[in-house]
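K.L.:
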Amino acid sequence: MKYTGFLCGAFATKAGFEPQAEWQPVIMSDAERESCSNYYYPEFVDFNFGANQNSIHRYIYNIGSNVDVVVGFGASERKVSTYVDNITLYKAPFGLTLFSVRVDLDCTPNDVTAVVSRLRGVDSIALKNSAFAKLALDPVLDIYRFYALNASQCVGKGNEALYSRLVEYGNKLKLFQVATVTAEQWGGDNSDELLFELGTVAPIGSYRPDEDFSSSKSYFDTIMKEGRVSVFNNWKALSLFDTFTMLGHDVTAGNISNWIDNYFGMLYISELYVKFYLFRLNNDFRIYHKSAGKLLEQFDEFEYGCWFDNVSYNFLPRLIHRAMESGLEILPEKQRLYQMLAQQKDKREKDDDQRMNNLLFYLTLFTTFSMVWDASSLFNEMYPFETYIGSNIAGFRLVSYSLLLVILLLIVITRFRRK
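For the sequence shown, this note's numbering begins at 911 and goes up steadily by one.
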């Protein structure tokens, strides 16, 4: 099996940082932009390749080295040579930075899933694969130390403790993978099982629905029905929450290049960015209790500049894009978050209105005393209390108490009717 995988993570960064040293900016030429815009909406292309401040700016760190990855347990432990091609940083709007590590393998399908399974777990990657971590993750870790918002919380801790910070939202790296096999390995219906095992990063041949510790047939059927994309007979894709897998045989180099450059480089990265943004928005709302009104304003700005419901003029990229969106469960989370933010904003506005009404009510009560005194004085001028009642004090008391009683009755009746 020939395999290319992209291990992806994200973390929040300070505004205005620019990677230096070995990090080279990825610049799309005008000719490339014009060509790409024949297939994808121009605004979507501009967003993905840094046309303005409110877009993704890319930086690449070339590695080009092999490293042995330790897989298996006990007597079955072994090393699999893995080629680490490069690391790409995606400096995105609203203080999020994504990264991807490209790995290439040419080995058995079982070794592929064993390697990828080990490399995805950033919280335990240093236990047996510190060589890979130093080669592929330390350059990202340097960026994290200098520019991440939460880096100050990790001062003095070793790299082992920091690797897990490279995925602020979750405990595993997301994975986009492209695999090609021979016609014999494709094997008709066997391709669905191979696609399922690659997508779930499970040992090859582990799907045996009649055995106790295998995935059930109902789960397999559900996954394949909801997440599989099958258009041509020589390839198919599977979109899951943690992975997006493309598997085929006799696939041309041009197709593979298109899958990597466009389906991963634009579609998957932009959808991952949306998902990570929603993760952070949820944290800001539920954990950090930030203002729902301000979060809604930011969300509207995000939706206008960074959210693309349709991305291509052609059916196949649109189909792939929809599958990614569905696998990452973006639309349901987006709708729930927006609804909760709107409800919380309305609730706080009503609470603010109620507090203001209460304040105005109490101010009105205070001004009532002044009004009662003025009214009593006016009655005294018109009908002197000493003449009609026999005493100024008694007259002021009678008129004042009568006016206060009338005002109190009006207030009680008004508030009772409103309730």
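The beta carbon of each residue, even a glycine, is placed where N, CA and C say it ideally should be.
The structure presented is a predicted model; accordingly, all values stated were derived computationally and were not measured.
For G1175, count the other beta carbons within 10 Å of its own beta carbon; 16 or more makes it buried, fewer makes it exposed. Which is it?
P.N.:
Counting from one through the sequence shown, the residue named residue 1175 turns up at place 265. Burial call: buried.
K.L.:
Find out if the Cβ-Cβ distance for the pair R1012, T914 is shorter than 8 Å.
P.N.:
Translated into positions along the sequence shown, residue 1012 becomes position 102. Translated into positions along the sequence shown, residue 914 becomes position 4. Yes; because the gap between Cβ atoms is below 8 Å, this pair is in contact.
K.L.:
For the beta strand (DSSP E) that contains C918, what are its first and last residues?
P.N.:
For the purposes of this step, residue 918 is taken as residue 8 along the sequence shown, with counting starting at 1. It spans K912 to A922 - the beta strand (DSSP E) in which C918 sits, taken as one unbroken run.
K.L.:
Could you tell me the distance, in whole angstroms, from the CA atom of A1002 to the CA atom of L1320?
P.N.:
For this step, residue 1002 is matched to residue 92 along the sequence shown. For this step, residue 1320 is matched to residue 410 along the sequence shown. Rounded to the nearest angstrom, the two C-alpha atoms are 60 Å apart.
K.L.:
For A1002, which residues does DSSP report across the bridge?
P.N.:
Sequence index remark: in the sequence shown, residue 1002 carries index 92 (1-based). L1006.
K.L.:
How is G1237 classed by DSSP in three states: helix, strand or coil?
P.N.:
Taking the sequence shown and counting its residues from 1, the one referred to as residue 1237 is at position 327. Correct three-state label for G1237: helix.
K.L.:
Identify every residue that forms a DSSP beta bridge with D978.
P.N.:
Along the sequence shown, one-based indexing puts residue 978 at 68. According to DSSP, D978 bridges with S991.
K.L.:
Is DSSP giving Q963 helix, strand or coil here?
P.N.:
By 1-based counting over the sequence shown, the position of residue 963 is 53. DSSP places Q963 in coil when its eight states are reduced to three.
K.L.:
Under 8 Å by Cβ, that's how I've got F1042 and I1053 pegged, so tell me the actual separation to the nearest angstrom.
P.N.:
Mapped onto the sequence shown, residue 1042 falls at position 132. Mapped onto the sequence shown, residue 1053 falls at position 143. The Cβ separation is near 18 Å, so there is no contact.
K.L.:
Considering only the alpha carbon of each residue, which of G1109, T1110, E1103 and T1132 lies closest to R1118?
P.N.:
Residue numbering aside, residue 1118 sits at position 208 when the sequence shown is read from its first letter. Among G1109, T1110, E1103 and T1132, the Cα nearest to that of R1118 belongs to E1103.
K.L.:
Quick one: what does DSSP say N1220 is sitting in, helix, strand or coil?
P.N.:
If you number the sequence shown from 1, residue 1220 lands on position 310. Reduced to three states, the DSSP call for N1220 is coil.
K.L.:
Keeping to the same chain, check which residues put their C-beta closer than 7 Å to that of G1066; ignore five residues upstream and five downstream.
P.N.:
Position 156 of the sequence shown holds residue 1066. Only weak support exists for where G1066 lies, its pLDDT of 48 falling under 50; the coordinates are left without a value.
K.L.:
In angstroms with no decimal places, state the Cα-to-Cα distance between V1025 and G919.
P.N.:
Taking the first residue of the sequence shown as position 1, residue 1025 is located at position 115. Taking the first residue of the sequence shown as position 1, residue 919 is located at position 9. Distance between the alpha carbons of V1025 and G919: 17 Å.
K.L.:
Assign A1036 to one of three DSSP states: helix, strand, or coil.
P.N.:
As a working mapping, residue 1036 is identified with position 126 in the sequence shown. Correct three-state label for A1036: helix.
K.L.:
From the DSSP secondary-structure annotation, give me the bridge partner or partners of T1155.
P.N.:
Working through the sequence shown from its first residue, we reach residue 1155 at position 245. Partner(s): Q1087 and L1148.
K.L.:
If you reduce the DSSP assignment to three classes, tell me which class E1310 lands in.
P.N.:
Position 400 of the sequence shown, counted from the first residue, corresponds to residue 1310. Reading off the sequence shown, one finds Ser at residue 1310, where the question assumed Glu. Note: S1310 maps to helix in three-state DSSP.
K.L.:
Three-state secondary structure (DSSP) at V1139?
P.N.:
Against the sequence shown, residue 1139 aligns to sequence position 229. Correct three-state label for V1139: strand.
K.L.:
If we count the other Cβ atoms within 10 Å of its Cβ and call it buried at 16 or more, is H1231 buried or exposed?
P.N.:
Sequence index remark: in the sequence shown, residue 1231 carries index 321 (1-based). When all chains shown are included, H1231 counts as buried.
K.L.:
Pair every Cβ in the region 943 to 952 with every Cβ in the region 974 to 983, then say whether three or more of these pairs are closer than 8 Å.
P.N.:
At 8 Å Cβ cutoff, the stretches do not touch.
K.L.:
Considering V1026, what are the terminal residues of the alpha helix (DSSP H) in which it resides?
P.N.:
Your numbering for residue 1026 matches position 116 in the sequence shown. Looking at the DSSP string, the run of the alpha helix (DSSP H) that includes V1026 is P1019 to R1030.
K.L.:
Take S1128 and list the residues in its own chain whose beta-carbon comes closer than 6 Å to its own, dropping the five residues that flank it on each side.
P.N.:
Looking up residue 1128 in the sequence shown gives position 218. Result list for S1128: empty, nothing under 6 Å.
K.L.:
Out of curiosity, what's the CA-to-CA distance linking L1059 and A922?
P.N.:
By 1-based counting over the sequence shown, the position of residue 1059 is 149. By 1-based counting over the sequence shown, the position of residue 922 is 12. When rounded, the distance between both Cα atoms is 6 Å.
K.L.:
Taking a contact to mean a Cβ-Cβ separation below 8 Å, would you say A1089 touches V1022 in this structure?
P.N.:
Within the sequence shown, numbered from 1, the residue matching residue 1089 stands at position 179. Within the sequence shown, numbered from 1, the residue matching residue 1022 stands at position 112. Against a cut-off of 8 Å, the Cβ pair of V1022 and A1089 comes out as a contact.
K.L.:
Could you give the C-beta distance for T1278 and I1317, rounded to a whole number, given that I count them as a contact under 8 Å?
P.N.:
Position 368 of the sequence shown holds residue 1278. Position 407 of the sequence shown holds residue 1317. Right, their Cβ atoms sit about 6 Å apart.
K.L.:
Can you grab the Cα-Cα spacing for the pair F1130 / P1113, in whole Å?
P.N.:
For this step, residue 1130 is matched to residue 220 along the sequence shown. For this step, residue 1113 is matched to residue 203 along the sequence shown. Their Cα atoms are separated by approximately 15 Å.
K.L.:
Is the separation between the beta-carbon of G1158 and that of G1237 shorter than 8 Å?
P.N.:
One-based indexing of the sequence shown puts residue 1158 at position 248. One-based indexing of the sequence shown puts residue 1237 at position 327. No. Outside cutoff.
K.L.:
Taking the C-alpha atoms as reference points, what is the distance between L1313 and E1296?
P.N.:
As a working note, residue 1313 is residue 403 in the sequence shown. As a working note, residue 1296 is residue 386 in the sequence shown. Whole-angstrom Cα-Cα distance: 19 Å.
K.L.:
Tell me, please, whether the region 924 to 933 touches the region 951 to 958 by the rule of three or more beta-carbon pairs shorter than 8 Å.
P.N.:
They do not touch, by the three-pair rule.
K.L.:
In this structure, how does DSSP classify L1072 when only helix, strand and coil are distinguished?
P.N.:
To locate residue 1072, count along the sequence shown from 1; it is residue 162. Correct three-state label for L1072: helix.
K.L.:
Based on Cα-Cα distance, which residue from I1166, D1219, F1209 and G926 lies nearest to E1181?
P.N.:
Your numbering for residue 1181 matches position 271 in the sequence shown. It is D1219.
K.L.:
Using three-state DSSP, classify V1077 as helix, strand or coil.
P.N.:
On the sequence shown, position 167 is the one that residue 1077 refers to. DSSP places V1077 in strand when its eight states are reduced to three.
K.L.:
Within the same chain, show all residues whose beta-carbon is closer than 8 Å to that of A1093, passing over the 5 residues directly before and after it, in chain order.
P.N.:
Counted from its first residue, the sequence shown places residue 1093 at position 183. Within the same chain, A1093 has close Cβ partners H1159 and D1160.
K.L.:
Where do the N-terminal and C-terminal ends of the alpha helix (DSSP H) with N1060 fall, by residue?
P.N.:
Mapped onto the sequence shown, residue 1060 falls at position 150. N1060 -> no alpha helix (DSSP H), and no H or E assigned at all.
K.L.:
I believe F1195 touches M1250 by the beta-carbon criterion, under 8 Å. Please report the beta-carbon distance rounded to the nearest angstrom.
P.N.:
Here residue 1195 is taken as the residue at index 285 of the sequence shown, counted from 1. Here residue 1250 is taken as the residue at index 340 of the sequence shown, counted from 1. Contact holds; Cβ gap of about 7 Å.
K.L.:
Which value, in whole angstroms, describes the spacing of the CA atoms of Y1183 and C1017?
P.N.:
Position 273 of the sequence shown, counting from 1, holds the residue named residue 1183. Position 107 of the sequence shown, counting from 1, holds the residue named residue 1017. Spanning the two alpha carbons is a distance of roughly 31 Å.
K.L.:
I'd like to check one pair, V1077 with I997: are the Cβ atoms closer than 8 Å?
P.N.:
Indexing the sequence shown from 1 puts residue 997 at position 87. Indexing the sequence shown from 1 puts residue 1077 at position 167. Taking 8 Å as the Cβ cut-off, I997 and V1077 do not qualify as a contacting pair.
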